[in-house]
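Read the structure below first, then the notes.
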Amino acid sequence: MTAEKKNSRQQHAEKIPQKIRGTMAILEVRTFRKYIGENKYETNISTCSGFFIERDQIATSFHVLEGAMSIAAKHVDTEAAYTIEGITAFDEKNDLAVLKVSEEGIPFDLGNSETVTKKARICAIGYDGDKENSAAATVRCIEKKDKWLRLHIPTAGPGWSGCPVLNNKGEVIAVLSRGSVKPSKSRGYAVPSNALEALLTAAELTEVQPLTEWQNRPRIRAYLEYKRGVAYQAAEDFEGALAAYNEAINLNPDIPDAYKARGETQFKLINYKQIDSLDLITSLMDRVKAYRLMSTNYFAPDLRFFRSQMLARLCLIPLRWLDNPKEIYARADAKMRSGESKVAHGDMVEAWKHYHAAIADLTHLIEWEPKFDLAYNVRGWTKYLLGQIATKPEHSGEAAWYYQSAVVDSDVAIELATSDADSSAAYHTRGAARAVLGDYDKAIADFDAAIRLNPETAINYLDRGLAKEVLGEKSAAKADFEKATQINGDLAEDYYKDGRGKNGGGAYEAAIVSFDKAIRLNPKYAPVYSNRAISQNDLGRRELRRKNPEKAKHHLRGAIVDCTEAIRLSPKYTAAYNNRGLAKYRLGQSEADCGNSQAAEKHYQAAIADLDKAIQLNPKHVKAHRNRGYVKEKLGQQEAAAADFEKAKALDSAAQTA
Numbered sequence: 018m019t020a021e022k023k024n025s026r027q028q029h030a031e032k033i034p035q036k037i038r039g040t041m042a043i044l045e046v047r048t049f050r051k052y053i054g055e056n057k058y059e060t061n062i063s064t065c066s067g068f069f070i071e072r073d074q075i076a077t078s079f080h081v082l083e084g085a086m087s088i089a090a091k092h093v094d095t096e097a098a099y100t101i102e103g104i105t106a107f108d109e110k111n112d113l114a115v116l117k118v119s120e121e122g123i124p125f126d127l128g129n130s131e132t133v134t135k136k137a138r139i140c141a142i143g144y145d146g147d148k149e150n151s152a153a154a155t156v157r158c159i160e161k162k163d164k165w166l167r168l169h170i171p172t173a174g175p176g177w178s179g180c181p182v183l184n185n186k187g188e189v190i191a192v193l194s195r196g197s198v199k200p201s202k203s204r205g206y207a208v209p210s211n212a213l214e215a216l217l218t219a220a221e222l223t224e225v226q227p228l229t230e231w232q233n234r235p236r237i238r239a240y241l242e243y244k245r246g247v248a249y250q251a252a253e254d255f256e257g258a259l260a261a262y263n264e265a266i267n268l269n270p271d272i273p274d275a276y277k278a279r280g281e282t283q284f285k286l287i288n289y290k291q292i293d294s295l296d297l298i299t300s301l302m303d304r305v306k307a308y309r310l311m312s313t314n315y316f317a318p319d320l321r322f323f324r325s326q327m328l329a330r331l332c333l334i335p336l337r338w339l340d341n342p343k344e345i346y347a348r349a350d351a352k353m354r355s356g357e358s359k360v361a362h363g364d365m366v367e368a369w370k371h372y373h374a375a376i377a378d379l380t381h382l383i384e385w386e387p388k389f390d391l392a393y394n395v396r397g398w399t400k401y402l403l404g405q406i407a408t409k410p411e412h413s414g415e416a417a418w419y420y421q422s423a424v425v426d427s428d429v430a431i432e433l434a435t436s437d438a439d440s441s442a443a444y445h446t447r448g449a450a451r452a453v454l455g456d457y458d459k460a461i462a463d464f465d466a467a468i469r470l471n472p473e474t475a476i477n478y479l480d481r482g483l484a485k486e487v488l489g490e491k492s493a494a495k496a497d498f499e500k501a502t503q504i505n506g507d508l509a510e511d512y513y514k515d516g517r518g519k520n521g522g523g524a525y526e527a528a529i530v531s532f533d534k535a536i537r538l539n540p541k542y543a544p545v546y547s548n549r550a551i552s553q554n555d556l557g558r559r560e561l562r563r564k565n566p567e568k569a570k571h572h573l574r575g576a577i578v579d580c581t582e583a584i585r586l587s588p589k590y591t592a593a594y595n596n597r598g599l600a601k602y603r604l605g606q607s608e609a610d611c612g613n614s615q616a617a618e619k620h621y622q623a624a625i626a627d628l629d630k631a632i633q634l635n636p637k638h639v640k641a642h643r644n645r646g647y648v649k650e651k652l653g654q655q656e657a658a659a660a661d662f663e664k665a666k667a668l669d670s671a672a673q674t675a
């Protein structure tokens, strides 16, 4: 690096207020490089950047941890080592990972990436071999699909992955993922900070997973198998490489590089006459699969890849003729239901994929059979379900489009329907979408039609009751809720479980909708109120991060009301006391952000009382001890806070070894 270039970077870095700069870290990752004999291999150590986003958590890029045999971290200036306790959270799709460390650093402030505009001046702080460096950059464009930022940046080569991208306030508005190592291209791609914010919020509900355990997760182990395949391929052991790539794809079918590498390996084996030439089609299809899985544009395939893709499409034409409309419909319906199952288990990323895969199949079916009425209704319902989980920042603004599109599909389904049951389902889909869009009168008319055609479906009465409640028709709404419960006594429990799944996946607004429905059906079920409070709590935390204290207060007060009702229904409900204490603690934070120190202290004291009660009811409640430690820190009771943190850590360790 020239002195002129380094001086330019330093001058740009000086424009960022030093007081709001956080602690940077260097990560050293060891991976397979090449096999040199039986059970003998060379390894490669690569470096990348990371930064503190919480006092004991380092954010970085997921891809740098792919296939890692070991990971080490150290301070970028002092080179003091950090003890990595494990992985707090990760997001394959958005290329993010968060590490938990024993030592503490200064966290960077997290900004709102939705405020970033094209041509905005920004700064990246990363590591490229000579400690901390900064690079001036500009935003070239913002991707419509996932809100990633495409940057014009003078360097984004090895070492810069995982570094923070800052605005002129020194706030993190993105995390650099990858870029060109050629100065002539000056191109970089960064994940929006709101995706990191969503990941951090979801991480609060999960426990730290030690690195060895995390590496044994099937989808993560797949990357290790992929790296082994690369090492075999480098040693020209193509059969060993093929076996490793097959195992990687079996463990995680969403790694594009594994498909591409497997296709290349199959071509090599064809050239060496080691497999039948009929496997050429499989090889070509692998390349098409890799192309389809690439979610961003920074890996532009070369000309040979495009040529292979076109050949594969030609090979697939006769296979398309063998498709049966009913089989396509059944496959799409199964994908939609699989997406619902993923939502129930809190895996919103996988649900998103399954829903879109279902829509792709149904669109193909409609192009082929334009009068297949069920295809329109299921596609409309799938779009409605996508709207329900399109609440994360990276999908901002998409929900309304999905609901409107669901109405359009339902219109066609109603026109084409050939049975009362099919018509009823289409009317319900349209009514549900209209209700979310605020058109309650038309929604009620649709639910009326659905009930007239199929009077024994509980959800029709439930959704009509919710629409009537909004319009002030309380008695009629109550009658509908009672009818829904009469038809299906398990419906409240189903929505409660659905809400918990959405909570676990970070779709808090959608979770609240499910909890609302469960409460209408069974208003005396305490856990529903406590879990709805969790949703409100996390929405409050999100607004605090975005520096919107008034919005945060709205959610946190709602959480307190819900917990109070849960405690009224079940006076010894430990989780409700903990959740209410957490809400009061965050309400205190919001008051402190507004400069109301006396009001903040009042909320902190009230939080202590609730957390004391939670610990009294359950002395082994880890989160209650930890949360009480946070509150005591705010009150300046450092020794007492440290004691609570130690107790929480001891209880957590004991629970894991039990």
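The opening residue of the sequence shown carries number 18 in my numbering; numbering runs sequentially from there.
Note that beta-carbon positions come from the ideal geometry of N, C-alpha and C, so glycine has one too.
State the Cα-Cα distance for the pair Glu188 and Ile139, rounded to the nearest angstrom.
10 Å
Neighbourhood of Val648 by C-beta, 6 Å cutoff - its chain only, sequence neighbours within 5 removed
Tyr602, Tyr621, Ala624, Ile625
Pair every Cβ in the stretch 535 to 555 with every Cβ in the stretch 505 to 514, then say whether three or more of these pairs are closer than 8 Å.
yes
Identify whether Gln654 lies in helix, strand or coil by the three-state DSSP scheme.
coil
For Ala219, which of Arg549, Ala407, Asn596, Asp364 has the nearest alpha-carbon?
Asp364
For the 8 Å Cβ check, are there 3 or more pairs between the stretch 592 to 599 and the stretch 559 to 571?
no
So, with DSSP's three-state summary, where would you put Thr155?
strand
With a threshold of 16 other CB atoms inside 10 Å of the CB of Ala317, please say whether the residue is buried or exposed.
Because the pLDDT at Ala317 is just 41, under 50, the model does not fix this residue reliably, and the value given afterwards should be weighed accordingly. That one is exposed.
DSSP on Glu21, reduced to helix/strand/coil?
Any reading at Glu21 is ruled out, since the residue's pLDDT is 42, under 50, leaving its predicted position unreliable.
Residue interval of the alpha helix (DSSP H) (run including Thr105)
Taken as a continuous stretch (DSSP letters only), Thr105 belongs to no alpha helix (DSSP H), being part of the beta strand (DSSP E) at 101 to 108.
Find out if the Cβ-Cβ distance for the pair Phe79, Leu113 is shorter than 8 Å.
yes
Rounded separation between Trp418 and Val425 - CA only
11 Å
Assigned exposure category for Cys579 - 16 Cβ within 10 Å defines buried:
This sequence places Asp at residue 579; Cys is not what is there. That one is buried.
Give every residue of the same chain whose Cβ lies closer than 7 Å to the Cβ of Glu608, excluding the five residues on either side of it in the sequence, and list them in chain order.
Ala616, Ala617, His620
Please report the straight-line C-alpha distance between Asn539 and Ala475, rounded to a whole angstrom.
14 Å
Straight-line Cα distance separating Gly179 from Val156
17 Å
What do you get for Ser614, buried or exposed, if any count of 16 or more other CB atoms within 10 angstroms of its CB means buried?
exposed
Please determine, among Gly246, Tyr206, Ser119, the residue with the shortest C-alpha to C-alpha distance to Pro227.
Ser119
Segment contact, 8 Å Cβ cut-off, at least three pairs: the stretch 226 to 244 with the stretch 73 to 90
yes
Whole-angstrom distance between Gly523 and Ala576, CA atom to CA atom
16 Å
When you compare only the Cα positions, how much space is there between Ile461 and Lys370?
31 Å
Local Cβ density within 10 Å of Gln503, reported as buried at 16 or more and exposed below that:
exposed
Which word fits Leu488, buried or exposed, when buried means at least 16 other C-beta atoms lie within 10 angstroms of its C-beta?
exposed
According to DSSP, is Lys117 helix, strand or coil?
strand
Output the distance between the C-alpha atoms of Arg38 and Phe125, rounded to the nearest integer angstrom.
6 Å
Do you know offhand how far Asp437's Cα is from Ala443's?
10 Å
Neighbourhood of Ile383 by C-beta distance below 6 Å, restricted to the same chain and skipping five residues each side
Ala392
Looking only at its own chain, which residues have a Cβ that is under 7 Å from the Cβ of Ala434, when we skip the five neighbours before and after it?
Asp390, Ser440, Ala443
Taking all protein chains shown into account, do 16 or more other C-beta atoms lie within 10 angstroms of the C-beta of Val633, making it buried, or fewer, making it exposed?
The question names Val, but residue 633 in the sequence shown is Gln. Exposed: under 16 other Cβ atoms inside 10 Å.
For Leu586 and Ile529, the rounded distance between their alpha carbons:
19 Å
DSSP-derived helix/strand/coil call for Arg324
With a pLDDT of 48 at Arg324, under the threshold of 50, the modelled position of this residue cannot be trusted, and the question is left open.
If you reduce the DSSP assignment to three classes, tell me which class Lys468 lands in.
The identity of residue 468 in the sequence shown is Ile, whereas the question assumes Lys. It is helical.
Which complete alpha helix (DSSP H) runs does the stretch 365 to 453 hold, if anything under 4 residues is left out?
365 to 385, 390 to 406, 415 to 433, 437 to 453
Compute the Euclidean distance between the alpha carbons of Arg164 and Ala351, then round it to the nearest angstrom.
Per the sequence shown, the amino acid found at residue 164 is Lys instead of Arg. Approximately 29 Å between the Cα atoms of the pair.
By how many angstroms is the C-alpha of Tyr513 removed from the C-alpha of Asn61?
48 Å
What's the call for Pro235, buried or exposed, on a 16-neighbour Cβ count within 10 Å?
exposed
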